[in-house]
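Enquirer:
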Amino acid sequence: MYWTRTLIPTTRETPAEAEIPSHQLMIRAGLIRQVSAGVYDWLPLGWRSMQKICAIIRQEMNAIGAEEIHMPALLPAQLWKRTRRYFDYGPLLFRLADRKEAEMILGPTHEECVTELVQAYVRSHKQLPLTLYQIQSKFRDEARPRNGLLRVREFFMKDAYSFHTSLESLHETYQAMYGAYVRIFQRCGVPAIPVEAQSGPIGGDASHEFICPCDSGEDVIVRSEDGSYAANLEQAGRADGGGRTLADAPAAPPGELHKIHTPGATSIEPVCRLLHVQPRQMIKTLVFTVNAGESRQWIVACVRGDHEVNEAKLRKVVGNMEMAEDRTAREAGFVIGFVGPHVVNRVQARLVIDPDALMVPVAVTGANEADWHVTNFNWKNNLLAARCGDAVVADIRNVTPEDRAPNGAKLTFHKGIELGHVFKLGTKYSDALGATYLDEKQQSRSMIMGCYGIGPGRIMVAALETRSDSDGIRWPMGIAPFHVVITPIKYEGRSKDIADRLHIELQERGVDVLVDDRDQRPGVKFKDADLIGIPLRIVIGEKSLSGGQVELKRREEKQAILVALENLADTVTNLIRTNV
RNA sequence: CGGGGCGUAGCUCAGCUUGGCUAGAGCGCUUGGUUCGGGACCAAGAGGUCGCAGGUUCAAAUCCUGUCGCCCCGACCA
24 MYWTRTLIPT
34 TRETPAEAEI
44 PSHQLMIRAG
54 LIRQVSAGVY
64 DWLPLGWRSM
74 QKICAIIRQE
84 MNAIGAEEIH
94 MPALLPAQLW
104 KRTRRYFDYG
114 PLLFRLADRK
124 EAEMILGPTH
134 EECVTELVQA
144 YVRSHKQLPL
154 TLYQIQSKFR
164 DEARPRNGLL
174 RVREFFMKDA
184 YSFHTSLESL
194 HETYQAMYGA
204 YVRIFQRCGV
214 PAIPVEAQSG
224 PIGGDASHEF
234 ICPCDSGEDV
244 IVRSEDGSYA
254 ANLEQAGRAD
264 GGGRTLADAP
274 AAPPGELHKI
284 HTPGATSIEP
294 VCRLLHVQPR
304 QMIKTLVFTV
314 NAGESRQWIV
324 ACVRGDHEVN
334 EAKLRKVVGN
344 MEMAEDRTAR
354 EAGFVIGFVG
364 PHVVNRVQAR
374 LVIDPDALMV
384 PVAVTGANEA
394 DWHVTNFNWK
404 NNLLAARCGD
414 AVVADIRNVT
424 PEDRAPNGAK
434 LTFHKGIELG
444 HVFKLGTKYS
454 DALGATYLDE
464 KQQSRSMIMG
474 CYGIGPGRIM
484 VAALETRSDS
494 DGIRWPMGIA
504 PFHVVITPIK
514 YEGRSKDIAD
524 RLHIELQERG
534 VDVLVDDRDQ
544 RPGVKFKDAD
554 LIGIPLRIVI
564 GEKSLSGGQV
574 ELKRREEKQA
584 ILVALENLAD
594 TVTNLIRTNV
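Each number in the working numbering comes from the position in the first sequence (counting from 1) with 23 added on.
1) Taking the beta carbon of Leu-585 as the centre, do at least 16 other beta carbons fall within 10 Å, making it buried, or is it exposed?
2) Report all residues from its chain with a CB closer than 6 Å to the CB of Leu-588; omit the five preceding and five following residues, and keep chain order.
3) Quick one: measure Cβ to Cβ for Met-483 and Met-73, integer angstroms, because I've assumed they're closer than 8 Å.
4) Report the residue ranges of all alpha helix (DSSP H) runs contained in full by the region 339-373; include only those spanning at least 4 residues, in chain order.
5) Just verifying my parser: in three-state terms, what is the DSSP assignment at Gln-57?
6) Which residues in the same chain have their Cβ closer than 7 Å to the Cβ of Phe-436, if we skip the five residues on either side of it in sequence?
7) Which whole-angstrom value describes the C-beta separation of Gly-495 and Ala-52, a residue pair presumed to lie in contact below a C-beta threshold of 8 Å?
8) Taking Cβ to Cβ, would you say Phe-186 is nearer than 8 Å to Leu-129?
9) What does the alpha-carbon distance come out to for the pair Leu-269 and Pro-378?
10) Going by DSSP, which residues form a beta bridge with Leu-119?
11) Classify Val-358 as buried or exposed, calling it buried when 16 or more other Cβ atoms lie within 10 Å of its own Cβ.
12) With a Cβ-Cβ cutoff of 8 Å, do Ile-512 and Thr-33 count as a contact?
13) Quickly, what does DSSP pair Gln-198 with across the bridge? List them, please.
14) What are the complete alpha helix (DSSP H) segments, minimum 4 residues, inside the region 384-410?
15) Quick one, are the C-beta atoms of Tyr-156 and Ala-89 less than 8 Å apart?
16) Gly-113 by DSSP, collapsed to three states: which one?
17) By Cβ distance below 7 Å, which residues in the same chain neighbour Lys-433 in space, the five residues on each side in sequence not counted?
18) Sort Phe-208, Phe-178, Leu-461 and Arg-420 by Cα distance to Lys-339 and report the nearest one.
19) Just checking, does the region 548-563 make contact with the region 488-505 on the three C-beta pairs under 8 Å criterion?
20) Residues in its own chain within less than 8 Å of Cys-77 by CB, not counting five upstream and five downstream?
21) With DSSP collapsed to three states, give me the class of Trp-321.
22) Considering only C-alpha positions, which residue in the set Gly-287, Ala-288 and Asn-333 is nearest to Ala-4?
23) To which residues does DSSP link His-187 through a beta bridge?
24) Looking at Val-562: is its Cβ nearer than 8 Å to the Cβ of Tyr-25?
25) So who's on the other strand from Ala-253, going by DSSP bridges?
26) Between which residues of its own chain and Glu-42 is the CB-CB distance below 8 Å, once the five residues before and five after are set aside?
27) Would Val-310 pass as a contact of Val-323 if the rule is Cβ separation under 8 Å?
28) Quick check on Gly-493: does DSSP put it in helix, strand or coil?
29) Going straight from the alpha carbon of Phe-117 to that of Met-94, what length do you get?
30) Of the residues Gln-465, Gly-443, Val-58 and Ala-393, which one's Cα is nearest the Cα of Gly-287?
31) Which of the three DSSP states, helix, strand or coil, is assigned to Arg-28?
32) Just the C-alpha distance for Ala-522 and Glu-531, rounded to the nearest angstrom, thanks.
33) Are the region 446-454 and the region 288-305 touching by the rule of at least three beta carbon pairs closer than 8 Å?
34) Among Thr-289, Ser-160 and Gln-101, which has the Cα closest to the Cα of Glu-124?
35) How close, in whole Å, do the beta carbons of Arg-267 and Val-416 come, if the pair is a contact with beta carbons under 8 Å?
36) Out of Asp-263, Arg-174, Ala-120 and Glu-279, state which residue places its alpha-carbon closest to the alpha-carbon of His-46.
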């Protein structure tokens, strides 16, 4: 391809709205252009890279026996109502109506669609296992799209779905996927750490995320120092998270519950400042609700003042709850901002106590009265004596750097970008949509499913975030828009002839070549070549040409080497083959 | 959804506080010339509904109201 025949709108200046490096570079190098919040055009360079990423994904999917299909992005709402996700997915779901007022959605994921497809044609255990995948646009009406391609409303996703007659078969495919994912990220040249993620209905090791460690990431992963344990923050367990019961509450020291005026201090920090206590001496009390149809159950969750409630862990204890709405909670008698555990003496609620909160012998906590807290709170004195029955002790908080991994090792925290997710689904969708098969004994059974997603756009973001330098992008060879950029100092005369010839010669060897045929000063061409980050650059200039040579420079190295023209094609193809 | 910020040339921004005559700069673009190995220089040009609507005023980019869009922090979400 010739530079003047394509569209590579590089810019010297960084657009104001781009904050993270990958976003700035994608715009400056002319990879993408924003159309609206979280919606982007893919320009030629960006699209070339995207297609290479997708090609790698396809090869690895096909290699483990997954078969590509394509499903629509536009889906009938009806299908999603059958699994209730139409209601459960919330405002993240794009909803629209067609001209007949029929409700439609834009798919944020395709479990319903693929399960419905499979139930239509697969009836026998002889047809299973089966793995189908697609690479396709997904739509999510994100509350706040941000950070360029990191969080967007329309994006590509590779989503694969597998169907099985047994957990063993599911596990086999899961392992194959896991292996394929490792190879995909490796071939794309981005680091990706598999971490334990929330496991859903099957439990155990049923879910892994692949995270690229990077400061711009929105996820937090926790690793043990010895590298043997890695999980996302939501999932991360700790060495002493379980085992305690109410009976372990520290004995009651002497002293009465003491009310103290704390006007306007509705959170831990101001209370600590006002009363000169440490967060770890406080008990943080949060109110959640479980809405089961018409009935509503209140959940009061207590963690130590310096800890955070982990909603996923709490959900495992109490079922599908959510943070209580401020107004309704107040109406029910919770003085939001000043709630203490003993509120359960007044309002019917289920109490869940984190072990560390339980072990605070004398605590400061809310007085259940606006602008008041209490000191000298003790579980045995002030609560358990009366209401031991409904309370449970459970690990419901995020781990902190002070915690130890389940295996006892020290923990480290990293931010990262989620690139992919493998997940054992179970029978949630096959049950809801009737995806059943007949087994050898003519028994009808629900298929067991797994699902496996990758965000190709995020792979690109991760590559740019982790490899760029102050001059611009440094594409990994495997996903670079072009392998080589040929930069004639002057695109005329002998230099032009050689550039054109090399272009053909390299292309015939399957090399992707860009010739900078612009009538520009060399400095401009060099700066642009660095910015768009093509891994190899061939400079054709009088200096070396007189000796029958051209300069070959790798983007990540400062120095160019001189290569004789007749050896160039071999040298280039070798470099491409040996570089990822 | 809560908080903050911004919409002026293709891009980055000034002008707005204190209303005033023809709305500016740099980059980019066009033409001509001189240059030519790390974002050249000279000259001449093209390019603007000042986001949109309404209001105040003799007069609005500037003040007021509404609205749309975009960005950031948080909440939500995987």
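Every residue, glycine too, gets a C-beta built ideally from N, C-alpha and C.
Expert: The relevant details are as follows:
1) What you label residue 585 is simply residue 562 of the first sequence in a count that begins at 1. The residue is exposed, with fewer than 16 neighbouring Cβ atoms inside 10 Å.
2) Stepping through the first sequence from its first residue, residue 588 is reached at position 565. So the qualifying residues of the chain are Gly-571.
3) For the purposes of this step, residue 483 is taken as residue 460 along the first sequence, with counting starting at 1. For the purposes of this step, residue 73 is taken as residue 50 along the first sequence, with counting starting at 1. That belief holds up - the Cβ atoms of Met-483 and Met-73 are roughly 7 Å apart, short of 8 Å.
4) 349-355
5) Along the first sequence, read from residue 1 onward, the residue named residue 57 stands at position 34. Gln-57: strand per DSSP, three-state reduction.
6) Start at 1 with the first residue of the first sequence, and residue 436 comes out as number 413. These residues qualify, in order along the chain: Val-243, Val-245 and Pro-424.
7) Position 472 of the first sequence, counting from 1, holds the residue named residue 495. Position 29 of the first sequence, counting from 1, holds the residue named residue 52. Yes, they are in contact, since the Cβ atoms of Gly-495 and Ala-52 sit about 6 Å apart, within 8 Å.
8) Reading the first sequence from its first residue, position 163 is the one you call residue 186. Reading the first sequence from its first residue, position 106 is the one you call residue 129. No, these two residues do not count as a Cβ contact at 8 Å.
9) Mapped onto the first sequence, residue 269 falls at position 246. Mapped onto the first sequence, residue 378 falls at position 355. One C-alpha to the other measures close to 9 Å.
10) Within the first sequence, residue 119 is the residue found at index 96, counting from 1. Met-127, per the DSSP bridge assignment.
11) Position 335 of the first sequence, counted from the start, is the residue given in the question as residue 358. Answer is buried; the Cβ neighbour count reaches 16.
12) Sequence index remark: in the first sequence, residue 512 carries index 489 (1-based). Sequence index remark: in the first sequence, residue 33 carries index 10 (1-based). No, the Cβ-Cβ distance between Ile-512 and Thr-33 is not below 8 Å.
13) As a first step, residue 198 is located in the first sequence; it is residue number 175 there, counting from the start. Gln-198 pairs with nothing; no bridge assigned.
14) none
15) If you number the first sequence from 1, residue 156 lands on position 133. If you number the first sequence from 1, residue 89 lands on position 66. Taking 8 Å as the Cβ cut-off, Tyr-156 and Ala-89 qualify as a contacting pair.
16) By 1-based counting over the first sequence, the position of residue 113 is 90. Here Gly-113 sits in helix by DSSP.
17) Here residue 433 is taken as the residue at index 410 of the first sequence, counted from 1. Excluding sequence neighbours, Lys-433 sits near Ser-247, Glu-248 and Arg-427.
18) By one-based count along the first sequence, residue 339 stands at place 316. Looking at the Cα atoms, Arg-420 is the closest of the given residues.
19) yes
20) Here the question's residue 77 lines up with position 54 in the first sequence. In its chain, beyond the 5 residues on either side, Ile-158, Phe-179, Lys-181 and Pro-479 have a beta carbon closer than 8 Å to the beta carbon of Cys-77.
21) As a working mapping, residue 321 is identified with position 298 in the first sequence. Looking at Trp-321 - three-state DSSP - the assignment turns out to be strand.
22) Nothing about residue 4 can be reported from this structure: the residues present for the chain run from 24 to 603 only.
23) Taking the first residue of the first sequence as 1, we reach residue 187 at position 164. The partner list for His-187 (beta bridge, DSSP) reads Ile-471.
24) In the first sequence, residue 562 corresponds to position 539, counting from 1. In the first sequence, residue 25 corresponds to position 2, counting from 1. Contact flag unset, no.
25) Translated into the one-based positions of the first sequence, residue 253 becomes position 230. Looking at the DSSP assignment, Ala-253 forms a beta bridge with Arg-246.
26) One-based indexing of the first sequence puts residue 42 at position 19. Taken in chain order, the residues that qualify are Asn-170.
27) Start at 1 with the first residue of the first sequence, and residue 310 comes out as number 287. Start at 1 with the first residue of the first sequence, and residue 323 comes out as number 300. With respect to Val-323, Val-310 sits close: the two C-beta atoms are nearer than 8 Å.
28) Walking along the first sequence from the start, residue 493 turns up at place 470. The sequence shown places Ser at residue 493, rather than the Gly named in the question. Coil at Ser-493, not helix or strand.
29) Counted from its first residue, the first sequence places residue 117 at position 94. Counted from its first residue, the first sequence places residue 94 at position 71. Approximately 17 Å between the Cα atoms of the pair.
30) Within the first sequence, residue 287 is the residue found at index 264, counting from 1. Answer by Cα proximity: Ala-393.
31) Within the first sequence, numbered from 1, the residue matching residue 28 stands at position 5. The answer is helix: DSSP assigns Arg-28 an H, G or I state.
32) One-based indexing of the first sequence puts residue 522 at position 499. One-based indexing of the first sequence puts residue 531 at position 508. Between the alpha carbons of Ala-522 and Glu-531 lies a distance of about 14 Å.
33) With a cut-off of 8 Å, the region 288-305 and the region 446-454 do not count as touching, because too few Cβ pairs lie within range.
34) Here residue 124 corresponds to residue number 101 of the first sequence, with the count starting at 1. The option with the nearest alpha carbon to Glu-124 is Gln-101.
35) As a working note, residue 267 is residue 244 in the first sequence. As a working note, residue 416 is residue 393 in the first sequence. Indeed they touch by this definition, with Cβ atoms about 5 Å apart.
36) The sequence position of residue 46 within the first sequence is 23, counting from 1. Ranking Asp-263, Arg-174, Ala-120 and Glu-279 by Cα distance to His-46 puts Arg-174 first.
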